[in-house]
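Trainee: This structure is in structure tokens; I'll ask about it shortly.
If you want it as structure tokens, here you go:
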């Protein structure tokens, strides 16, 4: 009998799909191998091998193997490291975490490892678990994730003519150009959105700041609205579609009013 | 499959559509049907058609039923003041089988799942709220599964009932009867401690 090598990794559950009688096809984001997709045989039945570890956004230690290079990974075992109880107890936090994992699933490619993306997810879930949730914190997560996947928007200079931010009077954000544009250049870009210098500076600062300190950044109502508007136009432009969780989040918000 | 006569091939193809049934199993089932007496096959075909024709949702609780109201909703002995909210009819059956619950139910037919695009509008929530506002409901007992989706659905309903004078309860979580503490996972153990009660 050929012995398959067993891999071990620390992982977040990005999504899963019930398959057959008791199996589950799970997408993980791992620290060592990036995004992987595997089948957890008997996951819905076996309390021993998977002890509640295959739950959305839970952080687990997984053991997995593979028969052939082109086949799904076989998840052999999974142990919870953290299931973030404070996120699960709070509807807003759970919805934010659901959005985060959908975003991460879209902005990462299978088999492409990224320790930084893994750390970003871990830091953000820990932050969400411990601190009060603010809508603004999502903006910093989005920006960082976009940066790590190579789509970082240009916020320091006009993407068309290179005029530095400090010299731009009324900057606008153009999703199709992937950054800010000055007044002159914005004339040829009808879809661009107005954004204040203050908002841009706040986003530039928050992008580099440690996650732990993010809650100290106090965004004004205007900055909060503007940063949401620019990222809400930029993310669907990169992905070519609106995320399903964004639609659901809006629906829940409407219901709560 | 090419060697089989066309009617057998068709049967295999149809059986193959069932969840968890691959081509091999479908072939085995088709062989079984082929060998069984004609009346058995007829009964099977008729019961499939009967289910499709007769089964619908109960107009009150959305359980599966043959009549306008399901057996539970039309039973005068059931306590109308308590509504147990479940994800699907399977959960309802599991609670019914315990024989410990005498209230009524409300089947949501799903749970919140943002990444799959399932929001409040895809669940039978409006109907639940209507039932609560027009009836003399004293308690809403949330029995969605203790998964992330089930918990968030329970949280959402809890928030929607916040301003109403109704007792909202959540199904208990903990150690299974006959279980052994040393084999209980961390998450369940934490919940069991949280939900401990005085005796």
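Protein chains in written order, with our numbering: chain A, 20 to 276; chain B, 437 to 635.
All C-beta atoms, glycine included, are put in the ideal place defined by N, C-alpha and C.
Nothing here was measured: the structure is a model prediction, and the numbers come from that model.
#1: Check whether the Cβ of residue 76/A lies closer than 9 Å to any Cβ atom in chain B.
#2: Identify every residue that forms a DSSP beta bridge with residue 48/A.
#3: Start and end of the beta strand (DSSP E) containing residue 479/B?
#4: Would you grab the beta carbon distance between residue 560/B and residue 545/B for me? Rounded to a whole angstrom, and I think it's under 8 Å.
#5: Is there a Cβ of chain A sitting closer than 9 Å to that of residue 552/B, yes or no?
#6: Taking C-beta pairs closer than 8 Å, name the residues in chain B that residue 79/A reaches, listed in chain order.
#7: Please determine, among 142/A, 243/A, 129/A and 188/A, the residue with the shortest C-alpha to C-alpha distance to residue 154/A.
#8: Could you name the residues of the region 610-628 of chain B whose beta carbon sits closer than 8 Å to any beta carbon of chain A, in the order they occur along the chain?
#9: Return yes when the Cβ of residue 84/A is within less than 9 Å of the Cβ of residue 23/A, no when it is not.
#10: For the region 525-557 of chain B, enumerate the residues whose C-beta is nearer than 9 Å to any C-beta of chain A, in chain order.
#11: In this structure, how does DSSP classify residue 174/A when only helix, strand and coil are distinguished?
#12: Any C-beta of chain E sitting closer than 9 Å to the C-beta of residue 596/B?
#13: Could you tell me whether the Cβ atoms of residue 94/A and residue 58/A are closer together than 9 Å?
#14: Taking 9 Å as the cut-off, decide whether the C-beta atoms of residue 158/A and residue 75/A are in contact.
#15: How big is the Cα-Cα spacing for residue 204/A and residue 236/A?
#16: Assess contact between the region 109-123 of chain A and the region 265-272 of chain A, defined as three or more Cβ pairs (one per stretch) separated by less than 8 Å. Is contact present?
#17: Decide if residue 187/A is buried, meaning its Cβ has at least 16 other Cβ atoms within 10 Å, or exposed.
#18: What residue does the alpha helix (DSSP H) around residue 125/A start on, and which one ends it?
#19: Whole angstroms are fine: how far does the CA of residue 487/B sit from the CA of residue 470/B?
#20: Enumerate in chain order the residues of its own chain whose CB-to-CB distance from residue 164/A is below 8 Å, with the five nearest sequence positions on each side excluded.
#21: Cβ atoms of residue 506/B and residue 520/B: under 9 Å apart, would you say?
#22: Which partner residues of residue 213/A appear in the DSSP bridge assignment?
#23: Which runs of the alpha helix (DSSP H) fall wholly inside the region 571-615 of chain B and span at least 4 residues, in chain order?
#24: Strictly below 8 Å CB to CB, what residues from chain B border residue 120/A?
#25: Is the region 551-558 of chain B in contact with the region 609-627 of chain B, if contact means three or more CB pairs nearer than 8 Å?
#26: Which residues, in chain order, does the region 499-522 of chain B contribute to contact with chain A at a C-beta distance below 8 Å?
#27: Pick helix, strand or coil for residue 84/A, following the three-state DSSP scheme.
#28: Considering only their Cβ atoms, is the gap separating residue 192/A from residue 5/A smaller than 9 Å?
#29: Residue 24/A CB to nearest chain B CB: under 9 Å?
#30: Since I believe residue 62/A is in contact with residue 77/A (beta carbons under 8 Å), could you give me their beta-carbon distance rounded to a whole number of angstroms?
#31: I need the straight-line Cα distance from residue 628/B to residue 30/A, nearest angstrom please.
#32: Could you tell me the distance, in whole angstroms, from the CA atom of residue 189/A to the CA atom of residue 34/A?
#33: Assuming residue 134/A and residue 50/A form a contact by the criterion Cβ under 8 Å, report the distance between their Cβ atoms to the nearest whole angstrom.
#34: Going by DSSP, name the residue or residues bridged to residue 43/A.
#35: For residue 144/A and residue 103/A, which I take to be in contact (beta-carbon distance under 8 Å), what is that distance rounded to the nearest angstrom?
#36: Check whether the Cβ of residue 30/A lies closer than 9 Å to any Cβ atom in chain B.
Mentor: On the basis of the coordinates in this document:
#1: yes
#2: 31/A and 54/A
#3: Here residue 479/B belongs to no beta strand (DSSP E); instead the alpha helix (DSSP H) covers 474-490.
#4: 6 Å
#5: yes
#6: Neighbours of residue 79/A on chain B: none; closest Cβ ~11 Å, over 8 Å.
#7: 243/A
#8: 619, 621, 622, 623, 624 and 626
#9: yes
#10: 548, 549, 550, 551, 552, 553, 554, 555, 556 and 557
#11: coil
#12: No chain E appears in this structure, whose protein chains are A and B.
#13: yes
#14: no
#15: 31 Å
#16: yes
#17: buried
#18: 110-126
#19: 23 Å
#20: 122, 123, 126, 136 and 139
#21: no
#22: 191/A
#23: 584-596
#24: 551
#25: no
#26: none
#27: strand
#28: Since the first residue shown for chain A is 20 and the last is 276, residue 5/A is missing from the structure and cannot be characterised.
#29: no
#30: That belief does not hold up - the Cβ atoms of residue 77/A and residue 62/A are roughly 13 Å apart, past 8 Å.
#31: 26 Å
#32: 41 Å
#33: 6 Å
#34: 37/A and 59/A
#35: 6 Å
#36: no
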